[in-house]
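Report on the structure given below.
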Amino acid sequence: MSAGRIFLSPPWVGDDERKAVAAAFDTGYVAPCGPFVDELERRLAALSSRRHAVAVASGTAALDLVMAHLGVDSSWTVVAPTLTFVASVGPAWHRGAKLVFVDCDKTGSVDVGLLDDALRSAGGGRTLFVGVDLYGRCCDYDAVSALCAERGAVLVMDSAEAVGATFRSRPAGSPGVAGIYSFNGNKIVTTSGGGAVVTDDPGLAAHVKAMSQQSREPFPWYEHREVGYNYRMSNILAALGVAQLGRLPEILERRRANHGKYAAVCGRLGVEMLPGVDGENHWLNVALLKSSEGRDALAAAFAAADIETRPVWKPMHLQPVFSGVRVFGGDMSRDLFERGLCLPSGTGLDEEDWGRIMFVMETFSKGGVR
Ligand SMILES: Cc1ncc(COP(=O)(O)O)c(C=O)c1O
Numbered sequence: 002m003s004a005g006r007i008f009l010s011p012p013w014v015g016d017d018e019r020k021a022v023a024a025a026f027d028t029g030y031v032a033p034c035g036p037f038v039d040e041l042e043r044r045l046a047a048l049s050s051r052r053h054a055v056a057v058a059s060g061t062a063a064l065d066l067v068m069a070h071l072g073v074d075s076s077w078t079v080v081a082p083t084l085t086f087v088a089s090v091g092p093a094w095h096r097g098a099k100l101v102f103v104d105c106d107k108t109g110s111v112d113v114g115l116l117d118d119a120l121r122s123a124g125g126g127r128t129l130f131v132g133v134d135l136y137g138r139c140c141d142y143d144a145v146s147a148l149c150a151e152r153g154a155v156l157v158m159d160s161a162e163a164v165g166a167t168f169r170s171r172p173a174g175s176p177g178v179a180g181i182y183s184f185n186g187n188k189i190v191t192t193s194g195g196g197a198v199v200t201d202d203p204g205l206a207a208h209v210k211a212m213s214q215q216s217r218e219p220f221p222w223y224e225h226r227e228v229g230y231n232y233r234m235s236n237i238l239a240a241l242g243v244a245q246l247g248r249l250p251e252i253l254e255r256r257r258a259n260h261g262k263y264a265a266v267c268g269r270l271g272v273e274m275l276p277g278v279d280g281e282n283h284w285l286n287v288a289l290l291k292s293s294e295g296r297d298a299l300a301a302a303f304a305a306a307d308i309e310t311r312p313v314w315k316p317m318h319l320q321p322v323f324s325g326v327r328v329f330g331g332d333m334s335r336d337l338f339e340r341g342l343c344l345p346s347g348t349g350l351d352e353e354d355w356g357r358i359m360f361v362m363e364t365f366s367k368g369g370v371r
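All residue numbers for the sequence shown refer to this note's numbering, where the first residue is 2 and numbers rise by one.
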């Protein structure tokens, strides 16, 4: 009998989280503000080695607020990796910025040579580069920081998928004017839905915080010098986040163990994997089949066993909505999309789950890896 569906990366929560949420409830801080929001922000600042953190409603909201603070509008060019989730570029698109996409290298991170070409070509107004730490692997922080500095581009790190990852001991989200995290239900650490901005700039932090709360001025009545947003994180959800961060070392250890298992079985069966990078948090493990037919066949084999998988992000330059957007390169990300399959990588995978996952992989590979 089936033991139930195995999801790609479901939340991993238990007694710690239940107690923290109950504490938020019992102390009466059910309203959005409260001590758990403050505590979560303190911990996120420490985790990211940043001076400030602002907890907000989602990773997308976090990026939107940073763009609002910077004043991104139609006079800006926003350069972004093409291999990412749409939320990396959605806020810039909504603000009317000119988008430019850049291909990845074989690890899935932005190709720094092509990034240089893209930044050089962005003439006119201001330029912003949204760096992305794909699947919990930091891009080359040294290279992207140096290129942005050299070409006069503002760097914002979309580290939504990379909580707990590092680049040469530097935390995900630490370069640039700001970094953002996501605490969506499928991420390394979840608040069920949530996000954060991390930054060293006190002005940016204060403005983002104010805008997330409707930009209300400190008057007894509602006074506004600008129009803000309702992007706050609630104290109850922050409690969940504080408890999750308390378990981050264990979460990362379990994710590393997952990766070790996939590396071993893929090595034995001759299945290629997306090359690893140091310091990754192993959010999602990615198998690279020999063809898109092979990818679809493996996905179908997992689906038949009630196990969730997902193709690698479909690159932005292949999305119908971005059909007119300039892309530098594009073949590498297309190839990873066509052949790549994200494998179940949840923190809570147990022995029985692994038995089912391995059975599918072994059986599939007997048919000859395609
Ligand atoms: C790369 C990337 N950027 C941004 C986001 C947006 O985060 P959220 O879902 O919390 O809005 C996500 C995740 O969903 C993501 O994977």
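Cβ coordinates follow ideal geometry from the N, Cα and C atoms, glycine included.
Can you tell me the Cα-Cα spacing of D27 and R19, whole angstroms?
12 Å
Mind listing which residues have their beta carbon within less than 6 Å of any non-hydrogen atom of ligand 1? Chain order is fine.
S59, G60, T61, T85, F86, A88, S89, V133, D159, A161, E162, S183, N185 and G196
Can you have a look at W77 and say buried or exposed, based on whether 16 or more other CB atoms are within 10 angstroms of its CB?
buried
Out of A244, L350 and R371, point me to the one whose CA is closest to E254's CA.
L350
K262 - containing alpha helix (DSSP H), residue span:
L249 to L270
Using beta-carbon positions only, say whether V287 and Y136 come within less than 8 Å of one another.
yes
Can you give me the C-alpha to C-alpha distance between A239 and K367, rounded to a whole angstrom?
47 Å
Please classify F303 as buried or exposed, where buried requires at least 16 other C-beta atoms within 10 Å of its C-beta.
buried
Integer-rounded CB distance, given that V209 should sit under 8 Å from H95
Actually they are not in contact, since the Cβ atoms of H95 and V209 sit about 17 Å apart, beyond 8 Å.
Give the single residue among V145, R138, A54 and D134 whose Cα lies nearest to the Cα of A119.
V145
With 16 other Cβ atoms within 10 Å as the buried cut-off, status of I7
buried
Can you have a look at H225 and say buried or exposed, based on whether 16 or more other CB atoms are within 10 angstroms of its CB?
exposed
Give the secondary structure of R138 by DSSP, where H, G and I count as helix, E and B as strand, and everything else as coil.
coil
N- and C-terminal bounds of the alpha helix (DSSP H) containing K99
Taken as a continuous stretch (DSSP letters only), K99 belongs to no alpha helix (DSSP H), being part of the beta strand (DSSP E) at K99 to V103.
Please state if the CB of A23 and the CB of G194 are separated by a distance shorter than 8 Å.
no
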